[in-house]
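Here UniProt numbering is used: position 75 in the sequence shown is 75, and no number is missing along the way.
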Amino acid sequence: MFKWLKRLFGIVESETHSVLDKLENPIKQTEQGIRDLKADLSKSMQGLAEVKALNIRERKEHQTNVRSAKEFEQKAMMLLERANHGQINPQEADRLATQALERKQQLEQRAGANATNLKNYEGMLTKMESNVQQLKSQISKWENELKTLKARATVSDASAKLNKQLSNVDSSTTIARLEKMREKVEEKEALADSYADIASLSNTTVEDEIDSALGLQGGNSPHTLGASSELEKLKAQLAEKNNTK
1 MFKWLKRLFG
11 IVESETHSVL
21 DKLENPIKQT
31 EQGIRDLKAD
41 LSKSMQGLAE
51 VKALNIRERK
61 EHQTNVRSAK
71 EFEQKAMMLL
81 ERANHGQINP
91 QEADRLATQA
101 LERKQQLEQR
111 AGANATNLKN
121 YEGMLTKMES
131 NVQQLKSQIS
141 KWENELKTLK
151 ARATVSDASA
161 KLNKQLSNVD
171 SSTTIARLEK
181 MREKVEEKEA
191 LADSYADIAS
201 LSNTTVEDEI
211 DSALGLQGGN
221 SPHTLGASSE
231 LEKLKAQLAE
241 KNNTK
């Protein structure tokens with residue numbers, strides 16, 4: 001039976017090692033996958049930061065170009081007004097106003113390009129931010145999965161060690177040890193009983209031995225015996241007196 005148990009433990013141990021090997025590979029693969037995802041996340045975060053910087057710069061340029069275009073339009077209007085009031089030569093006012101309007105058109109074109117770029121950047125940012133969130137979610141998911149795998153590996157490792165210890169137990173040796181321990185306990189119990197007997201003998205006094213010989217054990221004393229004898233005499237005298245009557 002014990003040989004059969006050892007074979008069973010051997011089979012369990014072998015299967016446990018197989019399970020551990022299967023667990024270790026997913027653990028390593030998961031760890032590598034997490035490292036790859038974190039590398040992708042780092043690159044995505046860097047790209048996202050760069051696109052955000054471009055978007056901020058483009059927005060500032062757009063605001064500047066829109067504001068400057070309005071300013072040149074206002075300047076053209078002021079030139080024409082001053083020409084009407086005779087403050088500036090009409091031809092010179094027309095020339096400068098025309099140049100101001102040309103400058104305004106250039107700035108409006110730039111502002112239009114800025115607006116197009118901003119729209120593209122915003123679309124890119126939305127997509128990149130979504131990708132970053134997905135990567136973070138995947139990393140969190142796989143990190144939790146990794147914790148579970150490591151916990152399972154720890155349990156399997158502990159189970160393997162326990163099975164190994166059980167498979168190495170020699171049952172015959174264990175039984176022999178138990179028998180030997182039982183014999184020692186019985187010897188100690190017998191020795192304790194003998195000590196108790198010796199103690200009771202050593203506590204017996206000479207008076208106890210005399211009383212035992214006289215039958216005075218159990219509370220009888222010489223005085224008690226004497227009283228009993230006197231009682232018998234009185235009973236005899238009473239009986240004799242009754243007979244004489």
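All C-beta atoms in this analysis are idealised placements derived from N, C-alpha and C, irrespective of residue type, glycine included.
None of these values were measured; they are calculated from a predicted model.
Neighbour-count burial assignment, residue i, 16 or more Cβ in a 10 Å radius
{"i": "I11", "result": "In this prediction, I11 has a pLDDT of 43, which is less than 50 and means its spatial position is unreliable; what the coordinates show is noted afterwards. Exposed, since its Cβ has fewer than 16 Cβ neighbours within 10 Å."}
{"i": "L231", "result": "exposed"}
{"i": "W4", "result": "In this prediction, W4 scores a pLDDT of 39, lower than 50, which makes its location untrustworthy; no coordinate-derived value is stated."}
{"i": "A236", "result": "exposed"}
{"i": "N163", "result": "buried"}
{"i": "K147", "result": "exposed"}
{"i": "L96", "result": "buried"}
{"i": "L178", "result": "exposed"}
{"i": "residue 286", "result": "What is shown of the chain runs 1 to 245, which leaves residue 286 out entirely."}
{"i": "A239", "result": "exposed"}
Residue i versus residue j: straight-line alpha-carbon distance, rounded
{"i": "Q46", "j": "Q74", "result": "42 Å"}
{"i": "I175", "j": "V185", "result": "15 Å"}
{"i": "E31", "j": "L37", "result": "10 Å"}
{"i": "G91", "j": "K52", "result": "The identity of residue 91 in the sequence shown is Gln, whereas the question assumes Gly. Distance between the alpha carbons of Q91 and K52: 47 Å."}
{"i": "I139", "j": "A160", "result": "31 Å"}
{"i": "N243", "j": "S229", "result": "22 Å"}
{"i": "A153", "j": "E189", "result": "49 Å"}
{"i": "A100", "j": "L48", "result": "39 Å"}
{"i": "Q106", "j": "K70", "result": "12 Å"}
{"i": "N25", "j": "V155", "result": "16 Å"}
{"i": "A93", "j": "E50", "result": "45 Å"}
{"i": "residue 246", "j": "M78", "result": "No answer is possible for residue 246: the residues shown for the chain start at 1 and end at 245."}
{"i": "G86", "j": "E108", "result": "31 Å"}
Inter-residue CB distance, residue i and residue j (contact presumed, cutoff 8 Å)
{"i": "I27", "j": "K150", "result": "6 Å"}
{"i": "N55", "j": "E143", "result": "Actually they are not in contact, since the Cβ atoms of N55 and E143 sit about 31 Å apart, beyond 8 Å."}
Selection from the options that minimises the alpha carbon distance to residue i
{"i": "Q133", "options": "D157, S44 and K241", "result": "S44"}
{"i": "E58", "options": "N144, A190, N120 and A97", "result": "N120"}
{"i": "T98", "options": "E145, F72 and L118", "result": "F72"}
{"i": "K136", "options": "E179, D40, E240 and M78", "result": "D40"}
{"i": "H62", "options": "S42, R110 and N144", "result": "R110"}
{"i": "K104", "options": "A76, T154 and K233", "result": "A76"}
{"i": "K60", "options": "L118, S156, E187 and N25", "result": "L118"}
Problem set entry | contact_flag[the segment 112-131, the segment 70-83] where n(CB pairs < 8 Å) is 3 or more | They do not touch, by the three-pair rule.
For this session: Flag this pair as touching only if the segment 62-70 and the segment 101-115 have three or more C-beta atom pairs under 8 Å; answer yes or no.
Result: Verdict: yes, contact present.
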